[in-house]
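What follows is a single structure, written as structure tokens, with notes after it.
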Amino acid sequence: MDIKLEESGTRGYFYVEENGKRLAEMIFTKAGDTRIIINHTEVSDALRGKNAGKQLVAAAVDHARKHNLKIFPLCPFAKSVFDRVTEYQDVLDK
Numbered sequence: 002m003d004i005k006l007e008e009s010g011t012r013g014y015f016y017v018e019e020n021g022k023r024l025a026e027m028i029f030t031k032a033g034d035t036r037i038i039i040n041h042t043e044v045s046d047a048l049r050g051k052n053a054g055k056q057l058v059a060a061a062v063d064h065a066r067k068h069n070l071k072i073f074p075l076c077p078f079a080k081s082v083f084d085r086v087t088e089y090q091d092v093l094d095k
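Offset between the sequence shown (1-based) and our numbering: plus 1.
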């Protein structure tokens, strides 16, 4: 699954797009230079069962590690992934 990143000002999106249509999206807000807040995750029915949401969180974790960022998962789905995947705790802003 090809996950893309779009950033504009203090907002950003990790997303999956096919034929010009976004099928999955995770919205985040930049909070200063060292923190992002995951606000919302949405996955189209077309991608249900393909772990698209988990892959979006994984992309955010990779991005955070590369850029020395911490993540605050305000989104209930993203928080549930952080709660289950102990390998992501290094980027979690508690």
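Positions of the beta carbon are idealized from the N, C-alpha and C atoms, including for glycine.
None of these values were measured; they are calculated from a predicted model.
Applying the 10 Å Cβ sphere with the 16-neighbour rule, what's the burial state of E1? With the chain running from 2 to 95 in the structure shown, residue 1 is simply not present.
Which residue from K22, A65 and I39 puts its Cα closest to that of F73? Looking up residue 73 in the sequence shown gives position 72. For F73, the nearest C-alpha among the options comes from I39.
Check whether the Cβ atoms of G50 and T42 sit closer than 8 Å, and answer yes or no. Numbered from 1 along the sequence shown, position 49 holds the residue referred to as residue 50. Numbered from 1 along the sequence shown, position 41 holds the residue referred to as residue 42. If you check the CB distance, G50 and T42 do not come in under 8 Å.
If you scan the stretch 46-94 from start to end, which runs of the alpha helix (DSSP H) of 4 or more residues do you find wholly inside it? For the stretch 46-94, whole alpha helix (DSSP H) runs of length 4 or above, ordered along the chain, are 53-67 and 77-85.
Quick one: is G13 buried, meaning 16 or more other Cβ sit within 10 Å of its Cβ, or exposed? Stepping through the sequence shown from its first residue, residue 13 is reached at position 12. Its Cβ being crowded by 16 or more others within 10 Å, G13 is buried.
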